[in-house]
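In our numbering, the protein residues as written are 4 to 146.
Cβ coordinates follow ideal geometry from the N, Cα and C atoms, glycine included.
Predicted, not measured: the structure shown is a model, and the values here were computed from it.
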């Protein structure tokens, strides 16, 4: 939950200044993918019954927060940045749809579903914690 709380200060600043300035939306989109995957992982269709209910609830809240951060970013971003965000967001949503459809319809037992979705989730988690580096690198090149 701490990672969600840190974003609050960034977006309070964006709203106050009515500009996204040099902030990147990539970390929030990757965090949204991570929350989508782990919410899916915690639901009974992937996990056995409600054994991972806390995972589903915490990441379900994360979906709401990250999606609201992306919407705030889109509201205050320039047209060029809005296009960039949509170009990144659409493949992320499609990837989640493909992963969830594959796990629901092509994998027929809970153990294999959990292994598949959990493995993809681990990759998404690594990307989520590494994604702020995208902002750092882009800031280094612009400075």
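Rounded to the nearest whole angstrom, the CA to CA distance from residue 128 to residue 34 is 8 angstroms. At a Cβ-Cβ threshold of 9 angstroms, residue 43 and residue 106 count as neighbours.
Assignment of residue 131 by DSSP, reduced to helix, strand and coil, places it in the helix class. Exclusion of the five residues before and after residue 38 leaves 62, 65, 66, 69 as the residues of its chain whose Cβ lies within less than 7 angstroms of its Cβ. Following the DSSP letters along the chain, one finds residue 51 in no alpha helix (DSSP H), marked with neither H nor E. No Cβ-Cβ contact shorter than 9 angstroms links residue 31 with residue 79. Between residue 88 and residue 18, the C-beta spacing is not below 9 angstroms. Only residues of its own chain outside the window of five on either side were considered, and among them none has a CB closer than 8 angstroms to the CB of residue 125.
Counting every other CB atom within 10 Å of its CB across the protein chains shown gives residue 45 a total of 16 or more, marking it as buried. By the neighbour-count definition (other C-beta atoms within 10 Å, threshold 16), residue 50 is a buried residue.
In the structure shown, residue 112 adopts coil according to DSSP, grouped into three states. By the neighbour-count criterion, in which 16 or more other beta carbons inside 10 Å mark a residue as buried, residue 56 falls on the exposed side.
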